[in-house]
Every structure is written in structure tokens, then in C-alpha cells.
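Worksheet for the structure shown next.
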Amino acid sequence: MTDDELRKQAWDFFQMQAGQRLATFNFYIAISSLLSTGLVATFKNEIDLPYVGIAFGLLLILFSFIFWKLDQRNSDLIKGAEASLKFFEAKATLEDADGVPHVAKRFTREEFDTRRKNDQDPWLFWKKHYSYSQCFNYVFIIFGFGGFVGLGFLIAKLT
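Counting from 1, position 31 in the sequence shown corresponds to residue 572 in the numbering used here; the numbering is continuous, with no gaps.
The structure is reproduced here in C-alpha cells:
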């Protein structure tokens, strides 16, 4: 294969995996929102279905774990494609200026810019630039924790 064919293959793979990752995350959000709604509904006194709520809580925890692991796999595949694209960027004849990657080297430059911005105010969390993985992980933790809390309330209600 030629360099151009390999570059196109890397780009196509990156695009496919990035799209798949977002579609998977959107599906997770939909499922988790429905389970959370069902879980909260079982807290009402007029709805006496604590075992259904317990099932919802367990499913919320299970799905949070499964989709978290699936997202880790997608992230690894995307990072592999990014590494391939950075390899081709390094082969480009575009000159870097004072250690700053050329603006046309998008993947290399983005990594440099993000690192520089995060180093400026490391303690001000609202000024940090978070990766997709970090943001997705926060969502997985929040829904998973919500499942644990709901599960605990319903088990306490039964005893």
C-alpha cells in the first residue's frame, strides 16, 4: 500500500470509530435515562414495586459498567488511529515553530494546545479542557452511583 492509501485508511478508521463511539454513548444515555426514571418512580409511596426498582438499579449499575468498558475499547481504537495520523503528520514537510506544531498538523497541534491550556490553570477545574474519555467517565460514574443510591434506598425500604 502507498502512504496515501494508508493515510486514507487511518482517517477512515478514525472517522468510523469516533462516530461509533458517539452513537454508543448516545444509546447509553437513552437507556440510562429510562432506567433512572423508572428507578425514581418506584420511590413513590403509591407505587409499591420495590423489586422492580431494585432491578432497575442493578441494570443501571450493570449498563454503566458495560458501556464504560466498551467506551474504553473504542477510545483505544481511536487513539491507535490518531497515532497513525500523527505518524503521517510527522512525515509532512511543514515546519514547526519554536517547538509548536504547525497549525496544519491537526492531531499533533490539538494535543499540544490542550496540554498547554491545562498547564496554565491546573487548579481551576472549570478552565480545564477535558477529553471525551474524561467527560464520558464522569457520566458513567454519575449514573452508576445513582443506581447504587437507588438500590440502597429500596433495600432499606424493604427492611
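Heads up, the beta-carbon is just placed ideally off N, CA and C, and yes, glycines get one too.
When you compare only the Cα positions, how much space is there between residue i and residue j?
i, j, result
"Y673", "G687", "21 Å"
"D654", "V641", "9 Å"
"K585", "K698", "11 Å"
"A551", "A633", "16 Å"
"L665", "F597", "36 Å"
"I602", "K669", "28 Å"
Whose C-beta lies closer than 6 Å to the C-beta of residue i among residues of the same chain, with five residues either side of it excluded?
i, result
"F629", "R548"
"H643", "L635, D637"
"G594", "L580, T583, L695"
Taking residue i as the reference, which of the options has the closest Cα?
i, options, result
"Q556", "S616, W667, T655, I683", "S616"
"A645", "L626, G598, Q613, I588", "L626"
"E652", "L600, K620, A596", "K620"
"G693", "L599, K658, Y679", "L599"
Please state whether DSSP places residue i in a helix, a strand or coil.
i, result
"A645", "coil"
"N586", "coil"
"T565", "helix"
"T578", "helix"
"M542", "coil"
Sorted by chain position, which residues of the same chain lie with C-beta nearer than 7 Å to residue i's C-beta, five sequence neighbours on each side aside?
i, result
"I572", "F604"
Inset, instruction - Write down every uninterrupted run of the beta strand (DSSP E) in the region 593–672 whose length is 3 residues or greater and which is fully enclosed by it, in chain order. - result: none
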